[in-house]
Every structure is written in C-alpha cells, then in structure tokens.
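From first to last, the protein sequence lines stand for chains A and B. Add 4 to a position in the first sequence, counting from 1, and you land on the number used in the working numbering. Add 3 to a position in the second sequence, counting from 1, and you land on the number used in the working numbering. For glycine and all other residues, C-beta sits at the position ideal for the given N, C-alpha and C. All of these numbers come straight from a predicted model, not from anything done at the bench. Single-structure report; data block below.
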Amino acid sequence: MSHNLKNITLKIWRQDGPQAKGNFETHIVDEITDEASFLEMLDILNDKLIHDGKEAVVFDHDCREGICGTCSLMIDGQAHGPQRGTATCQLHMRQFQDNAVITIEPWRAAAFPLIKDLMVDRSAFDRVIESGGYITADTGGAPDANLIPIPKPIADAAMDSAECIGCGACVAACPNGAANLFTGAKIAHLSRLPQGQAERFSRVESMVETMDDHFGSCTNHGECEAACPKEISIDVIALMHKDYRKAKFVNRKDLARK
Amino acid sequence: MAQVVTSQRGPVTGTATRSKKRRPFLIDLYSTAVGKKYVMGATGIMMMGFVLFHMIGNLKMYLGAVHLNEYAHFLENLLVPVAPEGVVLWILRGGLITALALHLHAAYSLTVLNRKARPVKYQSPRDYQIANFASRTMRLSGLVILAFIIWHLLDLTFGVVNSHVGTMTGVGAHAGDQVKDVYGNVVSSFQRTPVALFYVLANVLLGLHLFHGAWSIFQSFGWNNPRFNKWRRGFATGFAAIVVIGNVSFPIAVMAGIVG
C-alpha cells in the first residue's frame, strides 16, 4: 500500500557555476507518495520551482534503473543515500519518515569539478579508462562464440568487477577522494580474463599512474565498498596493488617498455 | 603506433602505453601513491617487529633487576667479538630510524596529496559506514606516538630526563662488570605518575594505530586471498592487544609496587 509522506524538508546545495559561491537552500515538500523515487521527488520539486518562476535544481540522471552511473548525490552524508547497494535513482521515498530533514550535496573532489548545483564533471574517470581500461581490439571478422574457454567462476568474478558503472560514489565517499575502487574494478575485470593478459601489467601501470594525477590515495577505510551501488569489494583494490607491484618488478623488455 | 588524440586535458594515447620519463626503479615506485603505501606497509612491518620484541624483552623486568640488566647488556654486546661493542645495536637502530623516517615522509606526502584531492570539504556532516575510530585517527595517533618515542628515548635510552641513570655490578657471566641499571631507570621513571600515565596513553594509541595499520598492510601489499582473509582482522586485533597489554603492564606494575 502506498502512503503519503508529509512535510519533508530538503536542504539542497545551490551553486550557479564552478567559481560561484554556493550555499544550502531549504525547500519544503508538503506531501509526496512513498512510491516516488528520490529523483522523481526532485522532479516534482523542480516542476513546482519552474511553476513559481524559480530556477530548477540541476542534478545528473539518465537511465533511472541503476545501470548507467549518471546519477550521484550525497544524501545525508552518504553517497547515493542510506540504502546499500543502490544508486540514487533506485532510492525511494519509503526509506524516509514524515518530517524528515534531508541534506543533498554534490560529490566533492578535486577531480570532480562542480558544474552547477548538484552536477559535477566526472571525466577524470575517462582519463583513467583511456590510459588502459580496455583490450586492444583484434581486427578481422567476429570470432566464434566460446573460442576462448573461460571457466564460469572466472567469468563470474570478472563480472563482479565489470559491474562498476563509473558513478563516482567511491571517490565521493572516500575520506581521501581516492579512486582506487573504480580503477581496481576496471583492472580486476580485465586481469581476471584471458583476453586481458597480454596488456595486464602495462595496463595496471598506466592506469594507476593516471589515477595518481587526479585522485587521492587509499588508506583502507572501506567507505567506497559501503557506498558502491554495485557493492564491489575492496578485494579489487588489493588485486590492483598486487599487480602494480608485479608490473614494477617484471622485466620491462617483456612489456615492450623502457 | 599509438594514435594520439589531443583532448583539452592534453594528449591521450590510443593504447595502454604512456610515454613517461622513467626514473631509477625504487624512486619510480615511490613516486606513486600506491608505491608510497608499500613503503608505509614495509616500514610498518619492520617497526611492528621491533615493538613486539621490545615488549617481550621488557617482560624480563618481572624476573628481576639482574635479568633485565643482563638482557640490556646482551643487546649492547650483540655479535661481540665479531663486531665491536654497540655496533650491531646501532646498525639495527639505523634500520629503525630509516624505517621511521620513510614512514613519516610517506604519511606526510600522502596526507598532502589527499588534502589536495578534496580542496572543498563536504559542507554537511558525513555519515561514515565502515571507517572506524582507529582508521580515522591514524594521523593523530601517529603524532602522539612520535612524541612518545622522542620522550621515551630521552628518558630510558639516553637518560636525559631520568634522575636515576646508574650502574650495577653484573652477576653470572658478567660477574664483576659494571652493567647499566636499566631496571632502576624504569622504576624511577614510572614512579612519576604523569610519566606513567603518558606512557599508558601513548601505548593505547599505539594499539589503535596497529589495529588499523596491521590490517591495512594486507590491502596495501595486495595480500588478499579468500583462504586467509578472515584472519586478517583477527591478526591485527591480536597483535595490537598483545603489544598494548604487555607495554601497559610495565608502568602499572611499577606504580602498584610489583616491580621496584
């Protein structure tokens, strides 16, 4: 049975642009169905703001089914809000009580410069991916399915890391603004598959060093794992650290590197 | 050849190779945050080895003045006559000083990096889910431990802030020799209540530091294996507990009159 929540106070971060000074703005949502998702609740608020001739709150969103990684939001001090294993778009108002005061802030990290209100630029993740988060493609016809046999448990383990949607919650939740969970997930995904072996060590070296240009360092708090909408384990960070060490000790001529 | 795409943020190469000037191996490794964490872990292991043996050695004070002083004399005469007196001890101390210096430098430079990674802090309170008190206070506990190490060296190694500093006549193998009265130094130091309390406080913080640090080593080195992962937290907790219980017992024993 649906139920209507009453008197929700929203404290939303408003900031006109990257250089502008921002502040929290308070809005009251008198009544909202608990079946509304968090983003739908913001849509309804924006409708009202537009109707009243005010500027709508800018926030990122796209698929609204937890697979694109576009939505963000720090809700009550937690990346993607209080519900574990979901992105903000999968968070529903039934998670909140009547008279709740909800604070909404953008992701905060040097690598994620703020664009407007709650929207940030996450292209630092693209820099990390560009530096090695792929397999150099074979040319020619499409290979036969199952040409390379991969045991099911290995495929599953690779999929666990490949689930990363690149939303940036790990960086947002990390007290140090580190991207080790994101980079680790990308590396673990490819390092666990036979196709990823050829570039395994040059990949980890490139990606870790590119990550260093933008993000902080891991101090093993584990906050990223708790915030991750895909519940990716910090085991991927350990795997990245191990592979990076191996990459440094491997004969560089074998990697075709100087 | 790698196709080079120039973006607003500078050139981005089309393959997983990145041309970068390589420095000598160890400096190259240390130049990244992940490499600095290896150094944190490796120097941490060295210092963990030290605190454990330091605590075990000090347990000799429960056997009496002669045992503790003989043990101190043994450490100063390690490998004598292969090496002159005190040389091996100073080599070991040199290793520890280097480890401490690297640990501090890595901690400092990672802290600077991490501050830069979030120049604008969250303006509303964070609700941490996993980060515990120990992991959140590593810098504070580390600084208190550093202050304690300096005090401890001045007090019980160099005797600058210790009123006792005497010798006693050895027995057994060292009969007739004058050996340092380490036992007397310890007793006179801990009879000062503020010193004993500072010692207890510093060791509790050392325990917190170890509780997070000893676990953290496994992640930093990538020692992650489902077979033994469940032991990692237990190891860190057990190690921290053993060191803290042993070390805290010494000032309490002196104040309670068990040692003295």
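- Just so you know, the alpha carbons of LEU29(B) and HIS31(A) end up roughly 55 Å apart.
- Residue pairing by DSSP places ALA36(B) opposite no residue, since no beta bridge is assigned to it.
- Nearest Cα to ARG235(B) within the set ARG118(B), SER219(B) and ILE248(B): SER219(B).
- Nearest in C-alpha terms to HIS76(B), of all of ASN232(B), ASP184(B) and PRO254(B), is ASP184(B).
- Between ILE108(A) and ILE16(A), the C-beta gap is smaller than 7 Å, which places the two residues in contact.
- Residues are counted here when their Cβ sits less than 9 Å from a Cβ of chain A; for the stretch 115 to 135 of chain B these are LEU116, ASN117, ARG118, LYS119, ALA120, ARG121, PRO122, VAL123, LYS124, TYR125, GLN126, SER127, PRO128, ARG129, ASP130, TYR131, GLN132, ILE133, ALA134 and ASN135, given in chain order.
- Taking 7 Å as the threshold, the shortest C-beta distance from VAL190(B) to chain A does not fall below it.
- By the Cβ neighbour-count rule, LEU208(B) is buried, with 16 or more other Cβ atoms within 10 Å of its own.
- Linking GLN222(B) to CYS232(A) through their CA atoms gives a straight-line distance of about 18 Å.
- Using a Cβ-Cβ distance cut-off of 8 Å, the stretch 61 to 68 of chain A and the stretch 45 to 53 of chain A are in contact, since at least three pairs of beta carbons, one from each stretch, lie closer than that value.
- The count of Cβ pairs closer than 8 Å, one atom from the stretch 18 to 28 of chain A and one from the stretch 63 to 72 of chain A, stays below three, leaving the stretches out of contact.
- Judged by pairs of C-beta atoms under 8 Å, the stretch 145 to 165 of chain A touches the stretch 191 to 204 of chain A, as three or more such pairs exist.
- Taking each of ILE139(A), ASP102(A), MET78(A) and GLN101(A) in turn and checking the Cα distance to LEU122(A), the smallest one comes out for MET78(A).
- Taking CB atoms only, GLU109(A) has a neighbour in chain B less than 7 Å away.
- Three or more pairs of CB atoms, one per stretch, sit closer than 8 Å, so the stretch 174 to 190 of chain A contacts the stretch 118 to 135 of chain B.
- By DSSP's assignment, PHE116(A) forms a beta bridge with ALA113(A).
- By the Cβ criterion, the stretch 141 to 157 of chain A is not in contact with the stretch 91 to 108 of chain A, since fewer than three pairs of Cβ atoms, one from each stretch, lie closer than 8 Å.
- Note that the C-beta distance between PRO22(A) and PRO110(A) is not below 7 Å.
- In the structure shown, PHE100(A) adopts coil according to DSSP, grouped into three states.
- As a beta-bridge residue in DSSP terms, ARG18(A) pairs with ASN27(A).
- At a C-beta separation below 7 Å, ALA36(B) has these neighbours in chain A: ASP216 and SER221.
- VAL247(B) is a Cβ neighbour of ASN206(B), given a cutoff of 7 Å.
- Listed along chain B is no residue with a C-beta nearer than 7 Å to that of HIS7(A); the closest approach is about 25 Å.
- DSSP, reduced to helix, strand and coil, places ILE30(B) within a helical segment of the structure shown.
- Judged by beta-carbon spacing, MET50(B) lies beyond the 7 Å limit of ALA109(B), meaning their Cβ atoms are not closer than that value.
- Between ASP247(A) and ASN227(B), the C-beta spacing is not below 7 Å.
- The DSSP assignment places complete alpha helix (DSSP H) segments of no fewer than 4 residues inside the stretch 64 to 103 of chain B at 68 to 79, in order along the chain.
- The continuous beta strand (DSSP E) containing THR172(B) extends over residues 170 to 172.
- Interface annotation for the stretch 201 to 228 of chain B against chain A: HIS215, TRP218, SER219, PHE221, GLN222, SER223, PHE224, GLY225, TRP226 and ASN227, criterion Cβ-Cβ distance under 8 Å.
- ASN255(A) sits exposed, since fewer than 16 C-beta atoms from the chains shown fall within 10 Å of its C-beta.
- DSSP lists ALA182(A) as the beta-bridge partner residues of GLY220(A).
- From the beta-carbon of GLU29(A), no residue of chain B is found nearer than 7 Å; the closest lies around 12 Å away.
- Residues of chain B with a Cβ closer than 9 Å to the Cβ of LEU46(A) do not exist, since the nearest Cβ in that chain sits about 17 Å away.
- Ranked by Cα distance from GLY216(B), the options VAL198(B), SER191(B) and ALA243(B) are led by ALA243(B).
- Between GLN201(A) and chain B, the shortest Cβ-Cβ separation is not below 7 Å.
- Under DSSP, the beta-bridge partners assigned to VAL124(A) are LEU118(A).
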